[in-house]
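In my numbering, the protein residues as written are 63 to 215. Ideal Cβ placement from N, Cα and C applies to all residues, glycine included.
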């Protein structure tokens, strides 16, 4: 397995690798997005905004490095709800070249450990219906708990 990278240890070169990985992810995700609202141009400026948001209080970020580059990432946070706080996987992606090595499972386990340490009992995520990762989440025990609908105004 590669080297773990938490937000405390991110260097400028790591940030560039995370950007490249996020561009790869967004290129792949565009094919699963059924509504125009989800189709957007992923820019460096948008990345900077999202990247900075990853590192505020109650946020989690972990990456895995292999071959001196970041090949897998997970970002999540603690989300307040009327029934109590829940963990939320905001983003998880493993580069296609490195899929099948168990990196997603490692990232999930580390996030769950972090949540349990904060006494969080549930975790949520959103996934596009046609995203192949959906079956992984179902295998991990996630179940459909609602339906998000979109209407153009």
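The alpha-carbon separation between residue 200 and residue 165 amounts to approximately 17 Å.
Under the criterion of beta carbons closer than 8 Å, residue 132 and residue 76 qualify as touching, at roughly 6 Å. Beyond the five residues adjoining it in sequence on each side, residue 120 comes within less than 6 Å, by CB distance, of 139 and 140 in the same chain, given in chain order. Membership of residue 204 in any alpha helix (DSSP H) is not indicated, and neither H nor E is assigned to it by DSSP. Checking the DSSP bridge columns, you'll see residue 150 partnered with 139 and 186. Residue environment analysis places residue 146 among the exposed positions, since fewer than 16 neighbouring C-beta atoms fall within 10 angstroms of its C-beta. A residue is called buried when at least 16 other Cβ atoms come within 10 angstroms of its Cβ; residue 185 meets this threshold and is buried. The Cβ atoms of residue 182 and residue 149 lie closer than 7 Å to each other.
Distance from the Cα of residue 194 is smallest, within the candidate group 85, 179 and 154, for 154. Residue 161 and residue 142 have their alpha carbons spaced roughly 32 Å apart.
Cβ atoms of residue 122 and residue 202 stay farther apart than 8 Å, at about 17 Å.
The alpha carbon of residue 169 has as its nearest neighbour, out of 106, 209 and 127, the alpha carbon of 127. For residue 125, the secondary structure class from DSSP, reduced to helix, strand or coil, is strand.
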